[in-house]
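J.:
Residue numbers (the working numbering): 7 to 164.
(1) Using the Cα positions of residue 144 and residue 133, report the straight-line distance between them to the nearest angstrom.
(2) Expressed to the nearest angstrom, what Euclidean distance is found between the alpha-carbon atoms of residue 159 and residue 147?
(3) Measuring only the C-alpha atoms, how far is residue 94 from residue 29?
(4) How many Å lie between residue 39 and residue 31 at the Cα?
(5) Distance check for residue 25 and residue 11, CA to CA, integer angstroms please.
(6) Go ahead and pull the three-state DSSP assignment for residue 82.
(7) What's the gap between the Cα of residue 117 and the Cα of residue 109?
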């Protein structure tokens, strides 16, 4: 019974610690964002899009940044065109990387296939040599058998 109370107490303590850490993190991010917005009051972004942050304090994945800053520069045609070019360039780079990976994969598969074909060709050549040797041996045995009076009736079956 004492162990269950101790476990329940630990869970409550962990919840409180997590809540405090979360609140501290929110306070820290908001405070830095507020300081940053005050420091960049004379930034190059137009006043109507003041939420355009040029250098984020937290590094986020590119997909998150693209989706969160989608409206930045939307009203400015030059900025909008530059953003479209950047997005197009990123997509092109991603497509090129994918094509390179695919090409590399197919090249490796082709090399494996060529190695197997060489192995099969070598085996076929060895089998062909063995067949010729077997035919020579068969001819030798048949000629010896004919000398001892064996009659060849294989022409009836061919």
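Ideal placement from N, C-alpha and C gives every residue a C-beta, glycine not left out.
Being a predicted model, the structure only gives us computed values, none of them experimental.
T.: So, from the data block:
(1) Walking along the chain shown from the start, residue 144 turns up at place 138. Walking along the chain shown from the start, residue 133 turns up at place 127. Those two C-alpha atoms are separated by around 16 Å.
(2) For the purposes of this step, residue 159 is taken as the residue at position 153 of the chain shown. For the purposes of this step, residue 147 is taken as the residue at position 141 of the chain shown. One C-alpha to the other measures close to 15 Å.
(3) As a working mapping, residue 94 is identified with position 88 in the chain shown. As a working mapping, residue 29 is identified with position 23 in the chain shown. Their backbone Cα atoms lie some 39 Å apart in a straight line.
(4) On the chain shown, position 33 is the one that residue 39 refers to. On the chain shown, position 25 is the one that residue 31 refers to. Rounded to whole angstroms, residue 39 to residue 31 spans 12 Å at the Cα level.
(5) Locating residue 11 in the chain shown gives position 5, counting from the first residue. Locating residue 25 in the chain shown gives position 19, counting from the first residue. Roughly 21 Å separates the two Cα atoms.
(6) As a working note, residue 82 is residue 76 in the chain shown. Of the three classes helix, strand and coil, the one that applies to residue 82 here is coil, per DSSP.
(7) The count along the chain shown starts at 1 and reaches residue 117 at position 111. The count along the chain shown starts at 1 and reaches residue 109 at position 103. Whole-angstrom Cα-Cα distance: 12 Å.
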